[in-house]
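A short worksheet on the structure shown next.
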(Lines of atoms letter the chains of each structure in order from A and count residues from 1; the text may use other names and numbers.)
(Lines give C-alpha, C1' and ligand atoms only; values in the text may rest on other atoms or scores of the structure.)
Protein backbone atom coordinates (compact mmCIF):
# COMPACT_ATOMS: atom_id res chain seq x y z
CA UNK A 1 0.00 0.00 0.00
CA UNK A 2 1.15 3.52 -0.84
CA UNK A 3 0.22 6.26 1.61
CA UNK A 4 0.65 10.04 1.50
CA UNK A 5 0.44 12.22 4.61
CA UNK A 6 -0.89 15.75 4.95
CA UNK A 7 -0.64 17.41 8.36
CA UNK A 8 0.18 20.67 10.09
CA UNK A 9 3.92 20.14 10.61
CA UNK A 10 6.89 17.89 9.93
CA UNK A 11 6.77 16.66 13.52
CA UNK A 12 3.14 15.62 13.13
CA UNK A 13 3.95 13.83 9.89
CA UNK A 14 6.80 11.93 11.55
CA UNK A 15 4.48 10.72 14.31
CA UNK A 16 1.76 9.79 11.84
CA UNK A 17 4.10 7.48 9.96
CA UNK A 18 4.41 5.32 13.05
CA UNK A 19 0.71 5.46 13.90
CA UNK A 20 -0.35 4.57 10.35
CA UNK A 21 2.00 1.59 10.33
CA UNK A 22 0.63 0.48 13.71
CA UNK A 23 -2.98 0.63 12.51
CA UNK A 24 -2.23 -1.23 9.28
CA UNK A 25 0.10 -3.68 11.04
CA UNK A 26 2.55 -3.24 8.20
CA UNK A 27 4.94 -0.59 6.96
CA UNK A 28 3.37 1.04 3.91
CA UNK A 29 5.37 2.92 1.32
CA UNK A 30 5.05 6.61 2.11
CA UNK A 31 4.71 8.95 -0.86
CA UNK A 32 5.42 12.67 -0.82
CA UNK A 33 2.16 14.68 -1.06
CA UNK A 34 3.69 17.16 -3.48
CA UNK A 35 2.80 20.14 -1.29
CA UNK A 36 3.55 21.08 2.32
CA UNK A 37 1.08 22.63 4.74
CA UNK A 38 1.84 24.68 7.80
CA UNK A 39 -1.01 24.81 10.28
CA UNK A 40 -4.73 25.12 9.90
CA UNK A 41 -6.32 26.37 7.62
CA UNK A 42 -3.41 25.81 5.23
CA UNK A 43 -4.04 22.06 5.29
CA UNK A 44 -7.57 22.54 3.93
CA UNK A 45 -6.31 25.10 1.41
CA UNK A 46 -3.67 22.82 -0.15
CA UNK A 47 -5.67 19.58 0.11
CA UNK A 48 -7.29 19.93 -3.35
CA UNK A 49 -3.90 20.43 -5.02
CA UNK A 50 -2.48 17.49 -3.08
CA UNK A 51 -5.35 15.24 -4.14
CA UNK A 52 -5.03 16.19 -7.81
CA UNK A 53 -1.25 15.69 -7.71
CA UNK A 54 -1.54 12.27 -6.11
CA UNK A 55 -4.38 11.24 -8.41
CA UNK A 56 -2.80 12.16 -11.72
CA UNK A 57 0.94 11.93 -11.03
CA UNK A 58 1.24 8.96 -8.66
CA UNK A 59 -0.35 5.59 -7.92
CA UNK A 60 -0.89 6.46 -4.26
CA UNK A 61 -3.68 4.48 -2.59
CA UNK A 62 -4.54 6.65 0.43
CA UNK A 63 -4.17 10.25 1.57
CA UNK A 64 -4.05 10.50 5.37
CA UNK A 65 -4.96 14.00 6.57
CA UNK A 66 -4.75 14.89 10.26
CA UNK A 67 -5.16 18.29 11.93
CA UNK A 68 -5.67 19.63 15.45
CA UNK A 69 -9.18 20.67 16.48
CA UNK A 70 -7.93 23.63 18.58
CA UNK A 71 -11.11 25.37 19.78
CA UNK A 72 -13.35 24.26 16.90
CA UNK A 73 -16.47 22.11 17.23
CA UNK A 74 -15.54 18.48 17.89
CA UNK A 75 -16.86 15.91 15.44
CA UNK A 76 -19.52 13.56 16.87
CA UNK A 77 -21.54 10.62 15.57
CA UNK A 78 -24.40 13.03 14.78
CA UNK A 79 -22.19 14.65 12.13
CA UNK A 80 -22.03 11.36 10.24
CA UNK A 81 -25.71 11.50 9.29
CA UNK A 82 -26.31 11.62 5.51
CA UNK A 83 -25.99 15.11 4.05
CA UNK A 84 -25.02 16.58 7.45
CA UNK A 85 -22.28 19.21 7.51
CA UNK A 86 -21.15 21.31 10.47
CA UNK A 87 -19.31 24.41 9.19
CA UNK A 88 -17.15 24.68 12.33
CA UNK A 89 -16.16 21.01 12.50
CA UNK A 90 -12.77 20.37 10.90
CA UNK A 91 -13.57 16.71 10.21
CA UNK A 92 -16.68 17.78 8.30
CA UNK A 93 -14.71 20.45 6.47
CA UNK A 94 -11.90 18.14 5.35
CA UNK A 95 -14.30 15.42 4.24
CA UNK A 96 -16.21 18.02 2.22
CA UNK A 97 -13.00 19.24 0.55
CA UNK A 98 -12.23 15.64 -0.40
CA UNK A 99 -15.72 15.03 -1.85
CA UNK A 100 -15.76 18.26 -3.82
CA UNK A 101 -12.27 17.70 -5.22
CA UNK A 102 -12.58 14.05 -6.22
CA UNK A 103 -16.16 13.81 -7.50
CA UNK A 104 -15.24 14.95 -11.02
CA UNK A 105 -11.82 13.33 -11.34
CA UNK A 106 -11.60 10.63 -14.04
CA UNK A 107 -10.04 7.26 -13.13
CA UNK A 108 -6.23 7.25 -13.22
CA UNK A 109 -3.45 4.73 -12.58
CA UNK A 110 -5.89 1.85 -12.40
CA UNK A 111 -8.06 3.22 -9.57
CA UNK A 112 -11.12 5.41 -9.29
CA UNK A 113 -9.59 7.86 -6.83
CA UNK A 114 -7.17 8.24 -3.95
CA UNK A 115 -8.92 6.99 -0.81
CA UNK A 116 -9.33 9.46 2.04
CA UNK A 117 -8.42 8.87 5.68
CA UNK A 118 -9.17 11.89 7.86
CA UNK A 119 -8.49 12.36 11.56
CA UNK A 120 -8.70 15.27 14.00
CA UNK A 121 -6.64 15.42 17.20
CA UNK A 122 -8.68 16.94 20.06
CA UNK A 123 -7.59 19.51 20.95
CA UNK A 124 -4.07 18.86 19.62
CA UNK A 125 -1.88 15.92 18.65
CA UNK A 126 -0.04 16.23 21.99
CA UNK A 127 -3.21 14.85 23.62
CA UNK A 128 -2.77 11.66 21.59
CA UNK A 129 0.82 11.39 22.81
CA UNK A 130 -0.40 11.46 26.43
CA UNK A 131 -2.87 8.61 25.94
CA UNK A 132 -2.15 5.83 28.41
CA UNK A 133 0.09 7.88 30.66
CA UNK A 134 -2.19 10.76 31.70
CA UNK A 135 -5.73 9.61 32.51
CA UNK A 136 -7.03 13.19 32.69
CA UNK A 137 -6.46 13.71 28.96
CA UNK A 138 -9.12 12.44 26.57
CA UNK A 139 -11.48 13.64 23.89
CA UNK A 140 -14.44 13.20 26.26
CA UNK A 141 -12.75 15.39 28.88
CA UNK A 142 -12.23 18.16 26.34
CA UNK A 143 -15.83 17.98 25.09
CA UNK A 144 -17.11 18.11 28.67
CA UNK A 145 -14.98 21.19 29.24
CA UNK A 146 -16.42 22.85 26.14
CA UNK A 147 -19.88 22.22 27.53
CA UNK A 148 -19.17 23.82 30.91
CA UNK A 149 -16.85 26.56 29.65
CA UNK A 150 -14.06 25.26 31.92
CA UNK A 151 -11.50 23.31 29.95
CA UNK A 152 -9.56 20.61 31.88
CA UNK A 153 -6.27 21.76 30.33
CA UNK A 154 -4.97 24.12 27.68
CA UNK A 155 -3.03 23.29 24.54
CA UNK A 156 0.01 24.97 26.09
CA UNK A 157 -0.31 22.69 29.12
CA UNK A 158 -0.39 19.65 26.86
CA UNK A 159 2.85 20.82 25.26
CA UNK A 160 4.44 21.15 28.69
CA UNK A 161 3.38 17.64 29.65
CA UNK A 162 4.84 16.15 26.47
CA UNK A 163 7.91 18.32 25.77
CA UNK A 164 8.68 20.00 29.10
CA UNK A 165 8.21 23.37 27.36
CA UNK A 166 5.51 25.11 25.36
CA UNK A 167 8.08 26.15 22.72
CA UNK A 168 9.98 23.00 21.77
CA UNK A 169 12.52 22.97 18.96
CA UNK A 170 11.54 20.88 15.96
CA UNK A 171 14.19 18.27 16.81
CA UNK A 172 12.95 17.97 20.41
CA UNK A 173 9.33 17.82 19.25
CA UNK A 174 10.15 14.97 16.86
CA UNK A 175 12.17 13.06 19.47
CA UNK A 176 9.34 13.23 22.01
CA UNK A 177 6.71 12.34 19.41
CA UNK A 178 8.64 9.27 18.29
CA UNK A 179 9.09 8.14 21.90
CA UNK A 180 5.36 8.33 22.57
CA UNK A 181 4.42 6.70 19.26
CA UNK A 182 6.73 3.79 20.01
CA UNK A 183 4.72 3.27 23.21
CA UNK A 184 1.32 3.83 21.60
CA UNK A 185 1.85 1.53 18.64
CA UNK A 186 1.51 -1.48 20.96
CA UNK A 187 -2.00 -0.42 22.01
CA UNK A 188 -3.66 1.65 19.27
CA UNK A 189 -7.08 0.39 20.40
CA UNK A 190 -6.70 2.39 23.60
CA UNK A 191 -5.91 5.46 21.52
CA UNK A 192 -9.01 4.84 19.40
CA UNK A 193 -11.20 4.46 22.50
CA UNK A 194 -9.98 7.63 24.20
CA UNK A 195 -9.85 9.69 20.99
CA UNK A 196 -12.61 9.10 18.43
CA UNK A 197 -10.82 11.60 16.17
CA UNK A 198 -8.04 9.01 15.91
CA UNK A 199 -10.54 6.15 15.58
CA UNK A 200 -11.94 7.89 12.49
CA UNK A 201 -8.64 7.85 10.63
CA UNK A 202 -7.92 4.29 11.84
CA UNK A 203 -11.28 3.10 10.52
CA UNK A 204 -10.64 4.75 7.16
CA UNK A 205 -7.21 3.15 6.97
CA UNK A 206 -8.45 -0.34 7.73
CA UNK A 207 -11.21 0.04 5.15
CA UNK A 208 -8.67 1.14 2.55
CA UNK A 209 -6.58 -1.95 3.25
CA UNK A 210 -9.61 -4.20 2.64
CA UNK A 211 -11.71 -2.25 0.11
CA UNK A 212 -13.79 -5.22 -1.00
CA UNK A 213 -14.95 -6.27 2.45
CA UNK A 214 -18.06 -4.95 4.17
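Numbering (the numbering used here), first residue to last: 60 to 273. Ideal placement from N, C-alpha and C gives every residue a C-beta, glycine not left out.
Check: Best match in 262, 243 and 155 for proximity to residue 186 [C-alpha to C-alpha]; Outcome: 243
Check: Nearest residue (CA-CA) to residue 125, options 248, 254, 184 and 268; Outcome: 184
Check: Separation of residue 64 from residue 101, as counted between CA atoms; Outcome: 14 Å
Check: Cβ-based burial, residue 136 [other Cβ within 10 Å; buried from 16]; Outcome: exposed
Check: Residues near residue 113 in its chain [Cβ-Cβ closer than 8 Å; skip 5 each side]; Outcome: 63, 90, 92, 93, 119, 122 and 173
Check: Residue range of the unbroken alpha helix (DSSP H) whose run includes residue 115; Outcome: 101–116
Check: Member of 234, 151 and 80 whose CA lies at the smallest distance from the CA of residue 140; Outcome: 151
Check: Exposure label - residue 149; buried when at least 16 CB within 10 Å; Outcome: buried
Check: Per DSSP, the bridge partner or partners of residue 124; Outcome: 65 and 177
Check: Residue range of the unbroken beta strand (DSSP E) whose run includes residue 88; Outcome: 88–90
Check: CB contact check: residue 210 to chain D, cutoff 8 Å; Outcome: Among the chains of the structure shown, chain D does not appear; only one protein chain is present.
Check: Residue 115 versus 79, 71, 167 and 158, residue with shortest Cα-Cα distance; Outcome: 167
Check: Proximity below 8 Å, CB of residue 176 to CB of residue 260; Outcome: yes
Check: Continuous alpha helix (DSSP H) stretch holding residue 262: start and end; Outcome: 255–268
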